[in-house]
Amino acid sequence: MNDVNLINAIKNMLDYALNKEKESMDIPEAHQKLVMERFDRVRKNPERLLDWDEAKKTLKA
Numbered sequence: 001m002n003d004v005n006l007i008n009a010i011k012n013m014l015d016y017a018l019n020k021e022k023e024s025m026d027i028p029e030a031h032q033k034l035v036m037e038r039f040d041r042v043r044k045n046p047e048r049l050l051d052w053d054e055a056k057k058t059l060k061a
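Note that our numbering has the sequence shown beginning at 1, numbered continuously upward.
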């Protein structure tokens, strides 16, 4: 294999990896909607949030 072929092979592998990474980062619209609904609920009622220490106590109970 010569240098040009090696460079092309590496470029093709990088392009493939970048495309796969982009595909895996696509978030379904239904999931995006669910998260936005949760953000809206928190904005409307911020006192319902627990800090991390309170949440851990609840989980251990």
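C-beta atoms are modelled at their ideal positions from N, C-alpha and C, and glycine is treated no differently.
Inter-residue spacing [alpha-carbon to alpha-carbon] between residue i and residue j
i: residue 32; j: residue 49; result: 20 Å
i: residue 12; j: residue 30; result: 33 Å
i: residue 19; j: residue 26; result: 11 Å
i: residue 78; j: residue 60; result: Residue 78 falls outside the range modelled here, since the chain spans only 1 to 61, and no answer is possible.
Residue i - DSSP class collapsed to helix/strand/coil
i: residue 9; result: helix
i: residue 2; result: coil
Please give the ranges of any alpha helix (DSSP H) in the stretch 9-47, keeping only runs that are unbroken, at least 4 residues long and fully inside the region. 29-44
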